[in-house]
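One structure below.
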Amino acid sequence: MYSINTRAIVLAAGKSSRFKTNKSKLLYSICGQPMILYALKLLKNLGIPTTVVVGYQAEELKELIQKAGIDNVNYVYQESQLGTGNAISITKNSWDQENILIMNGDCPLLTEEIITQMLDGHNNSNASITFLSSHSLNPDGYGRVIRDGKHISIVEDRNLTEEQRFVTLINSGIYLFRKDFLEENIDKIEIDSVKKEYYLTDLVKMASDQDLKVKTIPVPYDNIRGVNTLEELWAVEQIQRSNFIKYWMTQGVRFELAQNIHMDFDVEIGAGSFIGTGVHLFKGTKVGKNCTINAFCIIEDSIIGDDSYIHSHSVVQASKIGCNTHVGPYARLRKDVILGDNVNIGNFVEIKNSTIGDNSSAKHLTYLGDSIIGKNVNIGAGTITCNYDGVNKHKTEIKDNVFIGSNNTLVAPVVINENAYTAAGSTITKEVPKDSLAIARTRQENKIDYAKKLKAKSKKETDNKDDLSSSKNKEKNAKLNFVGATKTKNMQNL
Ligand code: UD1
Ligand code: CA
Numbered sequence: 045m046y047s048i049n050t051r052a053i054v055l056a057a058g059k060s061s062r063f064k065t066n067k068s069k070l071l072y073s074i075c076g077q078p079m080i081l082y083a084l085k086l087l088k089n090l091g092i093p094t095t096v097v098v099g100y101q102a103e104e105l106k107e108l109i110q111k112a113g114i115d116n117v118n119y120v121y122q123e124s125q126l127g128t129g130n131a132i133s134i135t136k137n138s139w140d141q142e143n144i145l146i147m148n149g150d151c152p153l154l155t156e157e158i159i160t161q162m163l164d165g166h167n168n169s170n171a172s173i174t175f176l177s178s179h180s181l182n183p184d185g186y187g188r189v190i191r192d193g194k195h196i197s198i199v200e201d202r203n204l205t206e207e208q209r210f211v212t213l214i215n216s217g218i219y220l221f222r223k224d225f226l227e228e229n230i231d232k233i234e235i236d237s238v239k240k241e242y243y244l245t246d247l248v249k250m251a252s253d254q255d256l257k258v259k260t261i262p263v264p265y266d267n268i269r270g271v272n273t274l275e276e277l278w279a280v281e282q283i284q285r286s287n288f289i290k291y292w293m294t295q296g297v298r299f300e301l302a303q304n305i306h307m308d309f310d311v312e313i314g315a316g317s318f319i320g321t322g323v324h325l326f327k328g329t330k331v332g333k334n335c336t337i338n339a340f341c342i343i344e345d346s347i348i349g350d351d352s353y354i355h356s357h358s359v360v361q362a363s364k365i366g367c368n369t370h371v372g373p374y375a376r377l378r379k380d381v382i383l384g385d386n387v388n389i390g391n392f393v394e395i396k397n398s399t400i401g402d403n404s405s406a407k408h409l410t411y412l413g414d415s416i417i418g419k420n421v422n423i424g425a426g427t428i429t430c431n432y433d434g435v436n437k438h439k440t441e442i443k444d445n446v447f448i449g450s451n452n453t454l455v456a457p458v459v460i461n462e463n464a465y466t467a468a469g470s471t472i473t474k475e476v477p478k479d480s481l482a483i484a485r486t487r488q489e490n491k492i493d494y495a496k497k498l499k500a501k502s503k504k505e506t507d508n509k510d511d512l513s514s515s516k517n518k519e520k521n522a523k524l525n526f527v528g529a530t531k532t533k534n535m536q537n538l
């Protein structure tokens, strides 16, 4: 419905100088989503055609927006960042609707409900401008809404008088303008003598001076927080993350130390699950029901089946874990790993691009890369798949019910067939037939009583050495005594 009479303009050309990082603040992620996408996704969901004003790092921003599949936008390029008034004036050719909704790109916590409420309020009034305002106990940096009887204006932070500085009603930077008002007045804004910028906010005073109606809609401060500094970025991310965590608490998820967890967008957690201290759940992650993700795990773009247990300090990336499976502590599933049900992956095990069937286990100190491992397989401690020959990667196939002894080196490409055993310490370079035992290590030889002889021999050698050194020491001491005696004698002569 709003798409019929509203066009949005999102301001995204600014230099973000208060970030002091030489990177547009709109490229920074908040809970895994770049800041600019918050405004644009909201407008896309409401079906409002949008113009984005780009300038500083325009190409990076456009690429990011395109990649996110935002297709209801066109771009206007602002050559020099001459202020928000200038940024809007150069978009004139896009004003094809009755109402123009203007949003700062740095206001990520806004909701669809608030914008819908604003559009309804504006459409049902004869206001030339409707804008969102809020009370903030710390209004520094924001433009203040100054009322004088019926007259209303916005005064920018740096232009406030001492008295106005105490005003806590702030301008959100989200406005709806009637197109004809904008057309008549946008080029009448005068440049600010202090900052040498054109302030869009001057239009509020201009409308009020003309006795035109200006409507303000009060909204919660947290929803219109602007992000000008890294501290404000941290604050909005904190709020966004807390909102996610609170939501999952209502869905039956227990957090050990909720204030200590990172959580992105696009994360799901099943009821009955437990999330330990310091856990990072990055976007694309789905944790099943009754799972435990213990302290300091990092789970990224991965799916974990019901009743599974990820022990502390494990890293799981772009992988899929079945049900009732255990991983870690200190395990790493490094991309494209598929674990079946009831699998047991223990400490210091790294797995990459591999599939491991149900009921299999690799419990200690192992590297499995580019391998296909069947069901009921046991991988002994210290086993390594040698998947890389310096040029190419090769596959290791371990079929169902195989037992790989401890400290095996499996040189890929290699196949170990059903029910086979490999002996501990083996270096397997050839296919192992099914039901066989492969031993690939030097045969052990026992030399009876040889240890005793060795001991006796070493003892004799040590005794000889001791004798030699003690007689040498005696000689040395005798010499020293002699020198000492001579010295004493000489002294007595003095
Ligand atoms: C602006 C408002 C202020 C309000 C606050 C709310 C003005 C003059 N002031 O201040 O009243 O309380 O937002 O958060 O509008 N931009 C451009 N081109 C430019 C300058 C800025 O596209 O030439 C973009 C920026 O990238 C940013 C947005 O406009 O996304 C707002 O600019 P910013 O400098 O953050 O304005 P504030 O000082 O926060
Ligand atoms: Ca701002």
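Taking the working numbering, the leading residue of the sequence shown gets 45, the next gets one more, and so forth.
Beta carbons: idealized from backbone N, C-alpha and C, even for Gly.
Predicted model, so just to flag it, every value in this text is computed and none were measured.
Here the region 151-167 lies against the region 77-96, with 3 or more beta-carbon pairs under 8 Å apart. Residue burial annotation: W292 is buried, with at least 16 other C-beta atoms found within 10 angstroms of its C-beta. Contact between the region 393-408 and the region 420-437 is established, with three or more Cβ pairs separated by less than 8 Å.
For R285, the uninterrupted alpha helix (DSSP H) run begins and ends at 274-294, by DSSP.
For A406, the enclosing beta strand (DSSP E) has its first and last residue at 405-413.
Here F210 is exposed, its C-beta having fewer than 16 other C-beta atoms within 10 Å. If the five residues before and after R222 are omitted, its C-beta is found closer than 6 Å to the C-beta atoms of S172, all from its own chain and listed in chain order. Apart from sequence neighbours up to five positions away, the residues of its chain that approach I230 with a beta-carbon distance below 8 Å are G129, I132, S133, K136, L247, ordered along the chain. In this structure, DSSP gives Y374 a state outside helix and strand, which the three-state scheme calls coil. Between N215 and I235, the C-beta spacing is not below 8 Å. DSSP, reduced to helix, strand and coil, places K364 within a strand of the structure shown.
Checking the 7 Å criterion, the Cβ of N267 is out of range of every heavy atom belonging to ligand 2. Annotation: the continuous alpha helix (DSSP H) that includes E107 extends over 102-111. Proximity annotation: ligand 2 has residues D150, G270, N272 in chain order, each selected because its CB is closer than 5 Å to a heavy atom of the ligand. Measuring C-alpha to C-alpha distances from T473 to each of K503, I283, T429, I80 identifies T429 as the nearest. S68 is positioned such that its CB atom lies closer than 8 Å to that of Q101.
Here DSSP, grouped into helix, strand and coil, assigns G99 to strand. Between the alpha carbons of A495 and Q488 lies a distance of about 15 Å.
In this structure, the beta-carbon distance from A56 to V120 does not fall below 8 Å. Look at E228 here: in three-state DSSP terms it is helix.
Here K259 is near S169, since their CB atoms are less than 8 Å apart. Between A468 and G449, the gap from beta carbon to beta carbon is short of 8 Å.
A direct Cα-Cα distance of roughly 43 Å separates E275 from L412. Between the C-alpha atoms of F340 and V323 there is a straight-line separation of about 5 Å. Nearest C-alpha to L105 among T466, M79, N116: M79. Secondary structure note for Y121: its beta strand (DSSP E) is the uninterrupted segment 117-121. Around the C-beta of S177, 16 or more other C-beta atoms lie within 10 Å, and the residue is accordingly described as buried. Contact check for N388 and H370: beta-carbon distance about 5 Å, within the 8 Å limit, so the pair qualifies. With a threshold of 7 Å, the Cβ atom of A131 counts as near ligand 1, since some heavy atom of the ligand is closer than that. E344 and L377 have their C-alpha atoms roughly 10 Å apart. Look at T128: its beta carbon is less than 7 Å from one of the heavy atoms in ligand 1. Within the region 419-491, the complete beta strand (DSSP E) runs of at least 3 residues fall at 428-430, 440-442, 453-455, 458-460. Distance from the C-beta of N368 to the nearest heavy atom of ligand 1 is not below 7 Å. Per the coordinates, the alpha-carbon of T50 lies some 11 Å from the alpha-carbon of S138.
Excluding sequence positions up to five before and after T321, its CB lies within less than 6 Å of the CB of E300, L301, N304, A339, all in the same chain and listed in chain order. Counting C-beta atoms within 10 angstroms of its own C-beta, Q282 has fewer than 16 neighbours from the protein chains shown and is therefore classed as exposed.
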